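Residue numbers (this note's numbering), protein chains in the order written: chain A, 318 to 923; chain B, 254 to 477. As structure tokens, the structure follows; a few thoughts come after it.
Right, dumping it as structure tokens:
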């Protein structure tokens, strides 16, 4: 090794300094575990030096290569914003048509297949545009991209039986301030939506144009197994919408193109009415039914601008925890029951949420209502719930009799890089405090159901799960792999021109997902239909602990896991994707594109 | 370094705390702790990307010509990047063959407005001659440079461009190297990546997205 360059020597020197610093820190009482938690150690145990580059930048915490992370910000100084409710317009001009209005500048190329059957009753006009916002008074404003210039985007309040049309204008600039592309496609996650309105990753809405999305807001089965009504057991409640543009999804979503969508049943129904005196009697919307979008972000330490690591393949962890666009805000509540709708917007972090009482570090129990926005049979009492990217969680928290108390929503799932959590659930108070909840609101009436009063032997309070008795017409296996850093499914990569396989409309399929990618975990999402999990690693899913039974649309595919899933594909046709929702993986091709038509195929290894 | 406080440790290392919980316990109401940090600077995002990811290291291409990474290869250009080594018996031959297909589909754009670069993962072994021989063996056309140089510089580049494995053991094993292609439009700050073995025609389509706004000079029409 003759002729070692000057730079080599500098790096070796820095490495020696780093090792010396580390020894001294440990001597002062910072354990290796402390340093790891603080993000100062790589998982190989090397101290991240201030200037040097010889330690491997192993943690994907924000930036690689030892770039300093976001500036310090004060916690719990701003109120948590409530999402702005999206208002319909009287009419759209030009009026929407089933056929794409290419002459008027519509990007859509495929006609609305269900437009005549479910004519829209409400119309919405949405503009994707750039704007300035600050997540904290301690940070200078950043340029974000958001629906209607908001982050999170406006909250859609929709109703079963009331089809809507959302016209989305792409008013985004070419100048992207470091990341993002002004070519988009908006996906309503969870929606039982015809393909041409579903936000297929290759159906672009280009800058300067618009794209009409038709949301029938119908229950699955409406044109098949349960004609005219759909199957009530396929109800969905908490959805979200976000950009889904192939290869740039993580950049565009991280930049702010995401929002939520609450789907209620009609006010006179026996179900989720949004009025706590009727139906399921869940806490009334909007006062006591609150949406919370969680995301973790990094802000460039030099410019304070929202920063995205463009050169990361594994997953990105932010060091600022945000709720509804604000870093660690505060929510004031009255001493009564609340419904919270939690969304993990990503990009890559997995959460396990607890309600921590800081005075004694106990965990307050709460009620889990749903998995991925789909109700369980009845509320289940839990002390925590795990939420991977794109999963939603409806919970009821009962603050009755707790005036004067403070709680924190705390994420205690340890994660040190973008690959996935370590598996350790940290002790109370050692995790990330996301939101401070202060019970100092006025005492008010509470007419909502107290889940504790539902008899233990009552199996169903909401509705039962659909059966899994109909035999599948085909079983397909999907191996999620990492080949030299290339994310593959069954050894192949996504391509806009190809459909990997075809499903026959109104049939049942069984899908097996296998994680063969080593150290990475993948929240895998199939559009359009919810599945039920038949088996995880050969066993039926447990119904306690981390709930995996019930209808879901995101499967948490953990290390070396194999899951068997049961799908019904009903009512609509066209192209849909299956993909990993660690959006950084998704953008590096961890996706399968499929088609639904009236013929289908039986390829077991697409 | 006795009586070192956690805060001064962090200042020393220039790293802010990761977990919100740490901040929550440490923060005093009304205090900003901004005093430890220099004021916000008005540096463009394009410049920040350059500072963080594009060191201007000197490299040598397969013709023996010396170039600077940022100034000569990246600045103001649309680029296609991958990493390989000339004696690779794993994924490199397949990826290079695939990229040759891409080059043919791009035609005379390569070297004119799209620039292709392959960087060596074994700069101690790879000389301009060995890179030239590899390129010739694969029938690489003009406008595509194969680059080697000082081992420390190539290692720096590998890390800065994200061609790393978070597991140090795997990262040390060159046969496990990252097989992705990075594509980007440097002045437009548009960067993406795709698998090296993705369909060549889809890679060409992806490059089309790098052209600003309505410019899809390379598009579906080019697919074969």
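Virtual Cβ for every residue (Gly too), placed ideally from N, Cα, C. Values in this document were obtained by computation on a predicted structure and should not be read as measured data.
Bounding residues of the alpha helix (DSSP H) (the contiguous stretch that carries residue i)
i: residue 387 of chain B; result: 381-390
i: residue 345 of chain B; result: 345-359
i: residue 674 of chain A; result: From DSSP, residue 674 of chain A is part of no alpha helix (DSSP H) but of the beta strand (DSSP E) over 668-674.
i: residue 408 of chain B; result: 404-413
Supposed close pair residue i, residue j - CB separation, criterion 8 Å
i: residue 415 of chain B; j: residue 432 of chain B; result: Incorrect: roughly 13 Å between the Cβ atoms, too far for contact.
i: residue 821 of chain A; j: residue 790 of chain A; result: 7 Å
i: residue 824 of chain A; j: residue 911 of chain A; result: With 8 Å as the limit, residue 824 of chain A and residue 911 of chain A do not qualify as a contact, their Cβ atoms being about 13 Å apart.
i: residue 536 of chain A; j: residue 578 of chain A; result: Actually they are not in contact, since the Cβ atoms of residue 536 of chain A and residue 578 of chain A sit about 16 Å apart, beyond 8 Å.
i: residue 796 of chain A; j: residue 854 of chain A; result: That pair is no contact at about 15 Å.
i: residue 481 of chain A; j: residue 534 of chain A; result: 7 Å
i: residue 472 of chain A; j: residue 402 of chain A; result: 5 Å
Beta-bridge partners of residue i, as assigned by DSSP
i: residue 640 of chain A; result: A:611 and A:643
i: residue 841 of chain A; result: A:872 and A:897
i: residue 439 of chain A; result: A:481
i: residue 500 of chain A; result: A:523
i: residue 551 of chain A; result: According to DSSP, which records beta bridges pairwise, residue 551 of chain A is partnered with nothing at all.
i: residue 335 of chain B; result: B:371
i: residue 581 of chain A; result: A:476
i: residue 531 of chain A; result: A:482
i: residue 913 of chain A; result: A:820 and A:891
i: residue 727 of chain A; result: A:671 and A:750
i: residue 300 of chain B; result: According to DSSP, residue 300 of chain B bridges with nothing at all.
i: residue 399 of chain B; result: B:371
i: residue 449 of chain A; result: A:460
i: residue 558 of chain A; result: A:505 and A:576
Secondary structure of residue i, DSSP reduced to three states
i: residue 846 of chain A; result: coil
i: residue 294 of chain B; result: coil
i: residue 461 of chain B; result: helix
i: residue 775 of chain A; result: coil
i: residue 750 of chain A; result: strand
i: residue 375 of chain A; result: Because the pLDDT of residue 375 of chain A is 32, which lies under 50, any placement of that residue in the model is unreliable, and the number read from its coordinates should be weighed accordingly. It is coil, neither helix nor strand.
i: residue 240 of chain B; result: Chain B is shown only over 254 to 477; residue 240 of chain B falls outside these bounds and no answer can be derived.
i: residue 394 of chain A; result: coil
i: residue 506 of chain A; result: strand
i: residue 305 of chain B; result: helix
i: residue 856 of chain A; result: strand
i: residue 569 of chain A; result: helix
i: residue 827 of chain A; result: strand
i: residue 679 of chain A; result: strand
i: residue 923 of chain A; result: coil
i: residue 270 of chain B; result: Its pLDDT being 35, under 50, residue 270 of chain B is placed unreliably by the model, and the measurement read from it follows with that caveat. Note: residue 270 of chain B maps to coil in three-state DSSP.
i: residue 602 of chain A; result: coil
i: residue 712 of chain A; result: strand
i: residue 324 of chain B; result: helix
i: residue 456 of chain B; result: helix
i: residue 284 of chain B; result: Low confidence applies to residue 284 of chain B: its pLDDT is 38, below 50, so where it sits in the model is not reliable, and the reading given next is rough at best. Reduced to three states, the DSSP call for residue 284 of chain B is coil.
i: residue 769 of chain A; result: helix
i: residue 439 of chain B; result: coil
i: residue 406 of chain A; result: strand
N- and C-terminal bounds of the beta strand (DSSP E) containing residue i
i: residue 459 of chain A; result: 459-464
i: residue 446 of chain B; result: 443-448
i: residue 318 of chain B; result: Per DSSP, residue 318 of chain B belongs to no beta strand (DSSP E) and is neither H nor E.
i: residue 795 of chain A; result: 791-800
i: residue 702 of chain A; result: 702-704
i: residue 885 of chain A; result: 879-886
i: residue 694 of chain A; result: 691-699
i: residue 657 of chain A; result: 654-661
Any C-beta of chain C under 9 Å from that of residue i
i: residue 420 of chain B; result: Any reference to chain C falls outside this structure, whose protein chains are A and B.
Quiz item: Which residues, taken in chain order from the region 439-468 of chain B, show a beta carbon closer than 8 Å to some beta carbon of chain A?
Solution: 441, 442, 443, 444, 445, 446, 447, 448, 449, 450, 451, 452, 454, 455, 458, 459, 462, 465, 466 and 467
Exercise. Give the residues from the region 628-661 of chain A that approach chain B closer than 7 Å (Cβ to any Cβ), ordered along the chain.
Key: 628, 629, 630, 631, 636, 638 and 645
Quiz item: Any residues in the region 297-319 of chain B with a beta carbon nearer than 7 Å to a beta carbon of chain A? Which ones, in chain order?
Solution: 298, 301, 302, 305 and 306
Practice problem: Identify each residue in the region 699-716 of chain A for which the Cβ-Cβ distance to at least one residue of chain B is less than 7 Å, and report them in chain order. | Solution: none
Quiz item: Between the region 605-624 of chain A and chain B, which residues of the former have a C-beta closer than 8 Å to a C-beta of the latter?
Solution: 617, 618, 619, 620, 621, 622 and 624
Self-check item: Residues, ordered as in the chain, of the region 380-398 of chain B that lie near chain A by beta-carbon distance below 7 Å
Solution: none
Exercise. Identify each residue in the region 760-785 of chain A for which the Cβ-Cβ distance to at least one residue of chain B is less than 9 Å, and report them in chain order.
Key: none
Quiz item: At a Cβ cut of 7 Å, what residues of the region 806-817 of chain A count as close to chain B, listed as they run along the chain?
Solution: 810, 812, 813 and 814
Quiz item: If contact means a Cβ-Cβ distance below 9 Å, which residues of the region 482-511 of chain A contact chain B?
Solution: 491, 492, 493, 494, 495, 496, 497, 498, 499 and 500
Quiz prompt | Interface positions of the region 898-920 of chain A facing chain B (Cβ-Cβ less than 8 Å), listed along the chain | solution = 904, 905 and 906
Quiz item: Looking at chain B, which residues of the region 536-570 of chain A have a Cβ within less than 8 Å of any of its Cβ atoms?
Solution: 564 and 565
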